[in-house]
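So for the sequence shown, the numbering used here puts the first residue at 1; every next one is plus one.
Ideal Cβ placement from N, Cα and C applies to all residues, glycine included.
None of the values given here were measured: they were computed from a predicted structure.
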Amino acid sequence: MRHLSEHAMPNPSLTDTLLANIHQLLAPLRRNRSMWLETVVITLGALALGALSQSDDPLQAGGVFPWIWLAPILIALRYGMAAGTMSSLILVIAWGGNDYMSARHADFPEQFFLGGLIAVMLCGEFSDLWETRLRRATETNHYLDERLSRITDRHLLLRLSHDRMEQEILTKPVTLRDALRELRQLAAAHNHLHLPAADALLQLLMRYSQLESAAIFTASAKGRYERVSQIGSPPDLPNNDRLLACAMERQSLSHLLLDELSDKELPSPFLVIAPILTSAKHLLGILAVERMPFLALNEENLQMLSVLLSYYADCVNEAEGTKRFLELFPAAPPDFAAEFPRVLQLQRTHGINSYVVVLAFEDDETGRQAIARILLSRRGQDIPWSIKLGHRLLLANLMPLANDAAVEGYLLRTETALKSLSGFNLDTRPLSSFRIGMADSDPMAGFKRLFEMRHD
């Protein structure tokens with residue numbers, strides 16, 4: 001039971017953490033206010049060193065090597081072309097000021113400044129390019145970590161529900177799968193609320209995790225926790241609750257049997273406190289359980305409680321993004337409807353492309369066998385959707401983080417799989433395929449037009 005939170009809330013991947021650290025070290029956020037201050041200080045510091053070493057030529061324009069340009073080059077590599085150009089401008093202003101104050105009034109060293117500025121611009125372009133690549137790699141790993149977390153929770157939920165199915169089927173008319181489907185529908189129907197269907201969530205937790213007295217709280221603008229829904233009569237949740245502090249620090253379910261809590265005194269009036277977190281670790285609310293049966297305070301039950309909260313949080317997080325998609329395609333599977341807006345947003349914000357590949361077959365036994373064979377050759381992260389339109393069967397395959405080469409590879413594997421299928425001849429029955437990229441002007445509209453085409 002003490003290892004529950006580690007299982008239910010996976011840690012970020014090593015690759016993602018390493019990329020984030022490298023990104024922070026080599027390319028800090030461009031919106032950092034200290035960037036411009038650091039640019040001025042480093043440039044002025046270089047000028048001061050130049051003045052100490054050679055007072056009559058602090059920029060060392062007549063030297064063998066232009067050492068002063070190391071400062072703008074360093075700034076350009078760290079912060080990009082804009083900061084590097086600003087540092088170069090400071091050098092030009094410094095040269096003009098020094099020439100004005102001196103009596104000799106030398107000619108402007110065009111080659112000195114032109115060569116230095118070109119070097120700074122090249123380094124700035126290099127920095128901007130790798131900044132973009134690092135950001136894309138970080139977002140890609142973040143997306144994969146989110147999806148892995150969701151898949152892990154759902155597989156755990158599936159295993160736990162199967163374990164309970166045999167004993168619950170005789171006593172409970174509603175299965176866990178039906179309850180989860182109802183919870184998802186309620187969350188989508190009331191997605192204008194911060195915590196939609198909170199009462200339904202507590203009823204579900206009372207049924208499957210045996211809660212007797214519990215409440216769901218949200219953080220208010222005043223720094224307090226306000227009650228959203230409750231069963232029984234649990235007390236208010238104070239800000240200084242030690243169990244709450246432990247749960248927020250761990251970002252996972254915490255209970256009174258944890259080693260971090262003292263055994264000498266009761267640290268909280270609650271038995272269990274669990275933050276309601278999405279797969280992206282966005283906090284929606286807090287569940288505080290005051291009373292539950294002693295035998296229910298076990299690893300399996302707390303695991304079920306944690307996974308149900310994660311499932312609910314993802315349903316709420318996905319409800320707004322999937323609303324428009326489900327309005328256009330009400331028959332779409334939940335996973336497909338949730339993932340399509342997510343990969344679309346990933347492309348629009350970070351330029352990471354994904355594709356939907358649609359294959360068309362005749363609505364006969366051969367077409368159904370072809371779809372079954374294709375489903376065996378798809379990538380693990382792909383999400384399929386089989387649709388019947390008129391006298392045709394369509395197989396829409398959502399391919400997250402896929403480029404043109406991945407799509408071509410998928411189509412090649414599909415043709416190879418179909419060649420080995422008895423009764424399917426590609427010469428007389430060529431494969432009809434359509435592809436929709438998230439980089440298109442309006443992928444949803446393109447997908448909708450595909451549905452509106454004649455498939456007789």
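In the DSSP assignment, find the alpha helix (DSSP H) that holds M206 and state where it starts and stops. Start and end: 198–208.
What residues in its chain sit with their C-beta under 7 Å from that of K172, if we drop five residues either side in the sequence? Residue placement at K172 cannot be trusted, given a pLDDT of 47 that sits under 50; what the coordinates show is reported in the next sentence. Same-chain partners within the cutoff: there are none.
On a Cα-Cα basis, can you pick out the residue from L77, W95, A82, Y79 that is closest to A51? Nearest C-alpha to A51 among L77, W95, A82, Y79: W95.
Hey, would you say A370 sits closer than 8 Å to F361, going by beta carbons? Annotated as proximal: A370 and F361, with beta-carbon spacing under 8 Å.
Quick one: is E300 buried, meaning 16 or more other Cβ sit within 10 Å of its Cβ, or exposed? With fewer than 16 other Cβ atoms from the protein chains shown falling within 10 Å of its own Cβ, E300 counts as exposed.
What does the alpha-carbon distance come out to for the pair P196 and S213? Rounded to whole angstroms, P196 to S213 spans 20 Å at the Cα level.
Helix, strand or coil at Q60 [DSSP, three-state]: Three-state result, Q60: coil.
Quick check: is any heavy atom of the ligand MG less than 7 Å from the C-beta of K323? For the ligand MG, the structure offers nothing, since it holds no ligand at all.
Endpoints, the alpha helix (DSSP H) within which W36 is located: For W36, the uninterrupted alpha helix (DSSP H) segment begins and ends at 34–53.
Would V272 pass as a contact of V289 if the rule is Cβ separation under 8 Å? Judged by their CB atoms, V272 and V289 are nearer to each other than the 8 Å cut-off.
So, using beta-carbon positions, are Q303 and L156 closer together than 8 Å? One thing to note: Q303 has its Cβ within 8 Å of the Cβ of L156.
Inter-stretch contact at 8 Å, needing at least 3 Cβ pairs: the stretch 282–296 / the stretch 405–422: Counting Cβ pairs under 8 Å, fewer than three are found: no touch.
Under 8 Å, do R392 and P384 count as touching if we go by C-beta distance? It is not a contact, given that the beta carbons lie outside the stated cut-off.
Based on the DSSP output, what are the partners of N397 in its beta bridges? DSSP lists V357, P384 as partners of N397.
Pick out whichever of K281, G62, R242 has its Cα sitting closest to the Cα of Q251. K281 is the residue among K281, G62, R242 whose C-alpha sits nearest the C-alpha of Q251.
Measuring CB to CB, does S88 end up less than 8 Å from P72? Against a cut-off of 8 Å, the Cβ pair of P72 and S88 comes out as a contact.
Select from E452, M35, G409, L418 the residue whose C-alpha is nearest the C-alpha of L328. By alpha-carbon distance to L328, the top candidate from E452, M35, G409, L418 is E452.
With a threshold of 6 Å on Cβ separation, who are the neighbours of I90 within its own chain once the five nearest residues in sequence on each side are excluded? Only T43 meet the Cβ criterion.
Nearest-angstrom Cα distance between E339 and M399? Taking C-alpha positions only, E339 is separated from M399 by approximately 10 Å.
Which one of H194, F113, R136, D128 has the shortest CA to CA distance from R227? Nearest C-alpha to R227: H194.
Nearest-angstrom beta carbon gap, L59 and I68 [assumed within contact, 8 Å]: Between I68 and L59 a beta carbon distance of about 5 Å is seen, short of the 8 Å cut, so the two are scored as contacting.
With a cut-off of 8 Å, do at least 3 Cβ pairs link the stretch 437–447 to the stretch 350–366? By the Cβ criterion, the stretch 437–447 is in contact with the stretch 350–366, since at least three pairs of Cβ atoms, one from each stretch, lie closer than 8 Å.
Applying the criterion that 16 or more other CB atoms from any shown protein chain within 10 Å of the CB defines a buried residue, is R30 buried or exposed? Legend: pLDDT at R30 = 48, less than 50; position of this residue unreliable, value from coordinates given subsequently. It is exposed - the Cβ of R30 has fewer than 16 other Cβ atoms within 10 Å.
Considering only their Cβ atoms, is the gap separating D314 from T278 smaller than 8 Å? Yes, Cβ-Cβ distance for T278 and D314 is below 8 Å.
Could you check which residue in G232, L201, P275 has the C-alpha nearest to that of C246? The option with the nearest alpha carbon to C246 is P275.
Excluding the five sequence neighbours on either side, which residues of its own chain have a C-beta within less than 7 Å of the C-beta of R136, listed in chain order? Here R136 has H350, G351, I352 as same chain residues with Cβ atoms under 7 Å from its own Cβ, once five neighbours each way along the sequence are excluded.
Nonlocal neighbours in the same chain, by C-beta distance under 6 Å from A215, ignoring five residues either side: So the list reads R227, Q230, P234, A288, once near-sequence residues are dropped.
Residues in the same chain with beta-carbon distance under 6 Å from R291, minus the five sequence neighbours each way, listed in chain order, please. Listed in chain order, the non-local C-beta contacts of R291 below 6 Å within the same chain comprise E212, S213, local neighbours out to five positions each way being set aside.
Any idea what DSSP makes of I216, helix, strand or coil? For I216, the three-state secondary structure derived from DSSP is strand.
Under 8 Å between C-beta atoms of A76 and V120: Taking 8 Å as the Cβ cut-off, A76 and V120 qualify as a contacting pair.
Classify Y312 as buried or exposed, calling it buried when 16 or more other Cβ atoms lie within 10 Å of its own Cβ. Buried.
Cβ of I387 within 8 Å of Cβ of L394? Going by C-beta atoms, I387 is nearer than 8 Å to L394.
Between G232, L256, P267, L257, which has its C-alpha nearest N240's C-alpha? Considering only G232, L256, P267, L257, the residue with the shortest C-alpha distance to N240 is P267.
Exposed unless 16 or more other CB atoms sit within 10 angstroms - verdict on L244: Burial of L244 is indicated by the presence of at least 16 other C-beta atoms within 10 angstroms of its C-beta.
Determine whether the beta carbon atoms of A332 and F325 lie at a separation below 8 Å. Yes, Cβ-Cβ distance for A332 and F325 is below 8 Å.
Taking the beta carbon of S34 as the centre, do at least 16 other beta carbons fall within 10 Å, making it buried, or is it exposed? Classification of S34: exposed, given that the 10 Å Cβ count is below 16.
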